Amino acid sequence: MDLFLIKALNGLTTGALYAMTAFGLTFILGMMNIPNFAHGALFALGAYIGFSLLGLTGSFWLALCLAPILMAIFGVALERGLIQRLYGDNPENETYILLVLFAVAIMMQEVIILGWGASGQSTLPPASLLGATQLGPIFFPKYRLFILLATLVVIAACWLFIERTHYGALIKAAIDKREMVMLLGYDIRVLFALSFALGTALAALAGVLSLPIRGVHPFIGTDILALSFVIVVIGGLGNLYGAIFAGLLIGMVQEFATLVHPLAPWISVYGVMMLVLLLRPTGLFGTR
Amino acid sequence: MMKDRSSATRRSVLKAVGAASLTVGVGGLLTPRRVLAQEPVTILGIIPQTGPYAADGELIMRGQQLALEAFGGEVLGRPINYIVRDTANDAGTATRRVTEAIESEGVVGIVGPWADDVGQAVADVARRHKVIHYWSGGPVECHRYWFQWAPPYYTGAKAGMDYAMEKNPEGKRWYRLTADYAFGWTLEELEDQFAEEHGIEWVGSSRHVLGEREFSRYMGEILAAQPDVLVINNFGLDTAQAIREAVAYGLNQTTQILVPWGSGIEDYLRLDPSITQGIIIGSAFYYTAEPAQEFSAKYIERYGEPPGYPAGSGYGALEILLNGIERAGSSDPADVVQALEGWEFDSVVGPTKIDAATHQTIRPFFVTEGKSPSEMENEFDVARVVSTSSEMPPTEALGCQDIGEL
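Line by line, the protein sequences give chains A and B. Read in order, the letters of the first sequence correspond to residues 1 to 288 in this note's numbering. Read in order, the letters of the second sequence correspond to residues 289 to 694 in this note's numbering.
Set out below in structure tokens:
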């Protein structure tokens with residue numbers, strides 16, 4: 001029972017980080033209809049900026065708040081300065097954006113190596129979250145419980161934005177029916193920039209949250225990118241919240257898969273994806 | 289009678305060739321020795337510059353650079369032509385690049401690579417081309433031109449386990465977390481052997497993939513087993529991740545953590561001292577060892593951090609190779625091999641001997657223990673050397689029954 005409880009909580013924690021990253025990817029993929037190959041690199045860069053802010057300020061909380069904001073600005077700059085130049089006046093023109101984002105990902109990884117070196121770094125959780133706390137029969141790290149709580153708060157905030165604000169409604173509508181939103185006279189480029197900013201901020205937030213448990217190294221983006229795409233596919237394109245459920249699901253599956261074989265956590269991810277696509281090609285909650 | 293023009297032409301050519309040959313031969317004899325002596329000695333560094341070990345590759349090259357500087361860039365009065373090729377962490381790529389370097393650059397000695405499988409590939413090339421290969425790492429098929437700088441895994445595993453048992457003789461319930469590839473399997477086999485000698489009971493064992501990022505998945509099983517000692521059989525970033533998670537789950541409060549084969553100071557610097565205090569980490573190089581002081585001081589001055597195992601191996605292997613060339617008085621690989629075999633000397637890791645039968649470098653292996661933050665005298669004073677060992681396994685266990693011919 002103890003083992004089951006620890007593994008369930010671990011799975012939810014890992015899944016929460018996956019969910020947040022994939023949730024951000026859903027905004028970009030759903031809105032712009034292109035897989036953002038730079039998403040993993042944005043996660044990594046966000047983590048490194050958080051690491052540097054922590055070093056400069058000594059405050060994990062400041063790093064946690066500032067890094068996503070800085071990365072959101074970077075996301076807007078990337079969208080406006082590079083991607084928008086590719087699609088120009090025709091947002092349907094997705095030619096080359098995929099390749100450019102792939103190139104940006106490689107460049108960002110090399111910039112990280114140049115700026116922070118190729119070795120990994122590590123941080124501690126904030127003092128108030130150090131150590132473990134008793135939950136019934138088990139002891140569980142406080143920081144991991146915080147990750148669960150933080151993810152809940154962030155998703156709630158995103159839900160409020162999407163369901164209760166004008167721009168949120170526009171984003172949701174554009175993910176569902178982009179052409180309709182354009183025909184209604186809205187400037188879709190503003191929504192593109194907003195989605196990119198949101199997606200980047202969420203990736204960066206996940207990156208900073210993962211710092212004390214995974215540390216940071218130049219290849220963390222590569223690790224998370226493939227998983228994020230799989231999670232979005234499992235959750236279903238066109239559904240913002242599907243990625244959250246799928247992220248938690250994958251976290252749990254990977255956690256319990258270690259009981260079978262060392263390779264099982266990685267194989268199981270793609271096994272789940274295959275199964276979902278066979279049974280439901282649009283994903284669990286997908287509409288397209 | 290008309291002259292036979294073809295005969296005349298043939299004779300002329302023969303005369304010309306004979307004259308040319310004589311000129312070259314006499315010219316060679318008369319060429320001042322200092323001109324010949326300026327021919328560089330070409331050494332190849334086959335290093336991971338890309339891929340998962342790129343960070344270690346960068347550190348290895350730092351050590352090699354300092355070794356070159358220690359020699360003043362010369363050996364036998366001749367300039368050292370040090371060239372580097374990237375393994376890309378792929379055996380096929382490394383084979384191709386090493387072969388090209390030997391054939392086109394006249395390489396006489398190779399130092400590197402880093403990963404065991406690539407090491408085997410490079411050793412094979414060195415054997416075919418009869419070029420010295422001095423490498424830092426694990427077990428490969430031995431041959432007369434190959435030498436190993438790092439102690440065998442036997443030495444490291446035994447030294448770490450012996451110290452852990454010495455520290456807590458009653459703690460015989462052990463759990464191990466192992467990277468699921470050749471390096472991890474080798475350590476497991478050796479640990480089984482030593483566990484029997486110490487009466488250790490394995491209460492559990494988990495394997496993880498190389499490059500695992502989420503070690504929390506294994507903590508439940510480890511906690512449930514309630515071991516006295518947790519052995520972490522992995523390396524580099526995997527080690528840092530595993531230790532970080534183990535401490536996050538409070539394992540260091542109840543369990544001794546042992547890393548039999550680590551990268552020395554780097555393992556400590558990747559983590560906070562509050563995490564690494566009391567953890568036992570074995571390494572083929574530790575920067576505070578007395579023989580390494582000069583090298584470590586220069587390294588710290590230049591790079592702002594102490595050298596770990598990768599940098600130490602880069603320096604150590606190249607240092608021995610160059611010293612071997614000096615001792616041989618020749619850069620001919622066969623001469624250098626004979627000069628190295630059986631040689632006893634002091635190197636950057638301490639008293640060193642190169643075993644003629646197996647080409648193992650018999651030298652100290654360092655067992656370190658993390659200091660608590662209050663014990664540290666400076667930011668790099670994160671651990672102390674608690675024991676060293678130069679104990680070699682039985683010859684038959686080294687898997688090198690016949691070192692071969694030159």
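For each residue, glycine too, the CB sits at the ideal point set by N, CA and C. Computed from a predicted structure; not experimentally measured.
(request) Taking only beta carbons into account, state which residues of the region 507-528 of chain B come closer than 9 Å to chain A, listed in chain order. (result) Among the residues of the region 507-528 of chain B, those with a Cβ less than 9 Å away from any Cβ of chain A are M507, G508, E509, L511, A512, G524, L525 and A528, in the order of the chain.
(message) Could you check whether G602 (chain B) and Q337 (chain B) sit closer than 8 Å to each other, using their CB atoms as the reference points?
(response) Taking 8 Å as the Cβ cut-off, Q337 (chain B) and G602 (chain B) do not qualify as a contacting pair.
(request) Just the chain B side, please: which residues come within less than 7 Å of H299 (chain A) by C-beta, in chain order? (result) This structure gives no information on residue 299 (chain A), because the portion of chain A shown stretches from 1 to 288.
(request) Reducing DSSP to helix, strand and coil, say where A132 (chain A) ends up. (result) strand
(message) For Y441 (chain B), tell me which candidate among B:E479, B:I420, B:Y463 and B:R416 has the shortest Cα-Cα distance.
(response) B:E479
(message) Going by DSSP in three states, V636 (chain B) sits in which element: helix, strand or coil?
(response) coil
(request) Name, please, each residue of chain B whose Cβ falls closer than 9 Å to the Cβ of F139 (chain A). (result) L511, Y537 and G538
(request) Please check the pair V517 (chain B) and L546 (chain B), which I expect to be a contact at CB under 8 Å, by giving their CB distance rounded to whole angstroms. (result) 6 Å
(request) Compute the Euclidean distance between the alpha carbons of L277 (chain A) and A376 (chain B), then round it to the nearest angstrom. (result) 36 Å
(message) Against K172 (chain A), what residues of chain B qualify as contacts under a CB-to-CB distance less than 9 Å, listed in chain order?
(response) Result: empty, since nearest Cβ-Cβ is about 32 Å, beyond 9 Å.
(request) Assign A671 (chain B) to one of three DSSP states: helix, strand, or coil. (result) strand
(request) Could you pull out every residue in the same chain whose Cβ sits closer than 8 Å to the Cβ of I608 (chain B), ignoring the five residues on either side in sequence? (result) Y422, F435, W437, L628, S635, T640, I642 and T649
(message) Less than 8 Å between the beta carbons of A8 (chain A) and G207 (chain A), yes or no?
(response) no
(request) Note down, in chain order, every chain B residue with its Cβ under 9 Å from the Cβ of Q254 (chain A). (result) E502 and R505
(request) Pull out every residue of the region 556-576 of chain B whose Cβ sits closer than 8 Å to any Cβ of chain A, in chain order. (result) R558, L559, D560, S562 and I563
(request) Please state whether DSSP places T123 (chain A) in a helix, a strand or coil. (result) coil
(message) Output needed in chain order: residues of the region 233-247 of chain A with a Cβ under 9 Å from some Cβ in chain B.
(response) none
(request) Note down the Cα distance separating I531 (chain B) from V497 (chain B), rounded to an integer number of angstroms. (result) About 16 Å.
(request) Would you mind reading off the limits of the alpha helix (DSSP H) that contains W159 (chain A)? (result) K142 to R164
(request) Verify the CB distance criterion: does D374 (chain B) have a CB-CB separation below 8 Å to chain A? (result) Chain A, which has no Cβ nearer than 8 Å to the Cβ of D374 (chain B), makes this no.
(message) At the level of alpha carbons, what is the spacing between R501 (chain B) and S424 (chain B)?
(response) Pairing R501 (chain B) with S424 (chain B), the inter-Cα distance amounts to about 26 Å.
(message) I'd like to know whether the C-beta of P126 (chain A) is nearer than 8 Å to at least one C-beta of chain B.
(response) no
(message) Could you tell me the alpha carbon to alpha carbon distance between A483 (chain B) and M32 (chain A), rounded to whole angstroms?
(response) When rounded, the distance between both Cα atoms is 59 Å.
(request) Kindly say whether T95 (chain A), judged by its beta-carbon, lies nearer than 8 Å to any beta-carbon of chain B. (result) no
(request) Taking a Cβ distance cut-off of 8 Å, strictly less, list which residues of the region 456-470 of chain B are near chain A, in chain order. (result) D468
(message) Could you check whether the Cβ of K177 (chain A) sits closer than 7 Å to any heavy atom belonging to the ligand NAP?
(response) The ligand NAP is absent from the structure shown, which contains no ligand whatsoever.
(message) Strictly under 8 Å for the Cβ-Cβ distance: is S59 (chain A) near chain B by that measure?
(response) no
(message) Among A:I244, A:L209, A:A132 and A:F27, whose alpha-carbon lies nearest the alpha-carbon of W61 (chain A)?
(response) A:L209
(request) Compare the C-beta of A645 (chain B) against all C-beta atoms of chain A and say whether one is closer than 8 Å. (result) no
(request) Quick one: list the residues of chain B neighbouring D223 (chain A), beta-carbon separation under 7 Å, in chain order. (result) Chain-ordered, the chain B residues with CB closer than 7 Å to the CB of D223 (chain A) read R501.
(message) Can you confirm whether E346 (chain B), when its beta carbon is compared against all beta carbons of chain A, has any partner nearer than 8 Å?
(response) yes
(message) Measuring only the C-alpha atoms, how far is D412 (chain B) from Y537 (chain B)?
(response) 45 Å
(request) Output yes if chain B places a C-beta closer than 8 Å to the C-beta of I213 (chain A); else output no. (result) yes
(request) Decide if P137 (chain A) is buried, meaning its Cβ has at least 16 other Cβ atoms within 10 Å, or exposed. (result) exposed
(request) Spell out whether any CB of chain A is found under 8 Å from the CB atom of A342 (chain B). (result) Yes, its Cβ sits closer than 8 Å to a Cβ of chain A.
(message) Please state whether the Cβ-Cβ distance between V363 (chain B) and V396 (chain B) is less than 8 Å.
(response) no
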